[in-house]
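Since the structure comes first, as C-alpha cells, the remarks are kept for the end.
Rendered as C-alpha cells:
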C-alpha cells in the first residue's frame, strides 16, 4: 500500500546546463532602465515640472513611467525565457588570421 513518490526538481533544466543569470544582458538593461526610471519618477513627483518647456506635460513623470514599464518587460522576459549555457564548449583553435595574441605551444 505504500506508494513511492519522487520529488520533482525545482528547476527543470537539462543536466549539465545552467542559465546566464545576472550576466544576461536583458537583466543589465532592465536594471539600468529601472534605475533611470525611478530617478525620473522621483524628479517628476518632487521636482520642478518645467511646464513652460514641455507644454504643460510633466515629461519627467511620464518618461519615468515608460522606463519603469520597459524595465519590467526586460526583467520578466529574462525570467521567463532564460539563456541556457551549455556545460561544455569546445575550445577555439588558434586562428592565424585573428588579431588577438597567439597561444603558446603546449610544450613551452
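In this note's numbering, the protein residues as written are -10 to 97.
Every residue gets a Cβ at the ideal spot worked out from N, C-alpha and C, and that includes glycine.
- In the DSSP annotation of this structure, the continuous segment of the alpha helix (DSSP H) that includes residue 55 starts and ends at 48 to 69.
- The C-beta separation of residue 33 from residue 47 comes to about 5 Å, placing the pair in contact by the 8 Å criterion.
- Between the alpha carbons of residue 87 and residue 75 lies a distance of about 25 Å.
- With a cutoff of 8 Å on beta-carbon distance, residue 22 and residue 50 are scored as not near each other.
- In the structure shown, residue 8 adopts extended strand secondary structure according to DSSP, grouped into three states.
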